[in-house]
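Undergrad: I am attaching a structure below and will ask some questions about it afterwards.
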Amino acid sequence: MTAERIDPASARRRQRNGELVIDVRSAQEYASGHIAGAVNIPFEELGAATLPDGPVMTTCGGGGRGGRAADALVESGHEAYSIDGGTRAWQELGLPIESAL
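Residue 101 in this note's numbering sits at position 96 of the sequence shown, with consecutive numbering throughout.
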């Protein structure tokens with residue numbers, strides 16, 4: 006099964022309504038700049054993570070890993086969506102980004 010891809014503006018609306026954004030990049034990539042409010046669960050650790058009930062959205066830098074992560078979550082029975090274009094597309098729209106560096 007393939008997870009639905011959603012555009013960043015729609016993802017922002019969903020996030021404002023309480024839906025979790027999961028950034029599946031490495032901790033170092035996440036620290037360099039991520040969607041404000043996103044939780045970092047690296048792709049390799051996603052299968053062992055405890056996720057909240059309800060839908061989640063996944064992201065990465067450009068959408069590739071985020072899409073694969075959302076697909077894997079859907080395959081395992083979760084409701085998951087991928088943010089099309091990832092963090093770069095989010096930032097291009099001027100949506101909030103945080104950085105730990």
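In this text, a Cβ means the ideal position worked out from N, Cα and C, and glycines have one as well.
This one's a predicted model, so the numbers in the text were calculated from it and none came from an experiment.
R17: buried (16+ other C-beta within 10 angstroms of its C-beta) or exposed?
TA: buried
Undergrad: For T63, count neighbouring Cβ atoms within 10 angstroms of its own Cβ and tell me buried if that reaches 16, exposed if not.
TA: buried
Undergrad: Tell me which residues share the same chain as G6 and place their Cβ nearer than 6 Å to its Cβ, disregarding the 5 neighbours each side in the sequence.
TA: Note that residue 6 is Met in the sequence shown, not Gly. V79, E80, listed in sequence order.
Undergrad: Only counting the same chain, and skipping five residues up and downstream in sequence, which positions put a Cβ closer than 6 Å to that of A94?
TA: P13
Undergrad: How long is the line joining the alpha carbons of A105 and A54, rounded to whole angstroms?
TA: 22 Å
Undergrad: What's the C-alpha gap between E97 and G66?
TA: 12 Å
Undergrad: Under the rule that 16 or more other beta-carbon atoms within 10 Å means buried, what is Q33, buried or exposed?
TA: exposed
Undergrad: Pick helix, strand or coil for V79, following the three-state DSSP scheme.
TA: helix
Undergrad: Considering only the alpha carbon of each residue, which of T92, D58, R21 lies closest to S30?
TA: For clarity, residue 30 is Arg in the given sequence; the question names Ser instead. Out of T92, D58, R21, T92 has the C-alpha closest to the C-alpha of R30.
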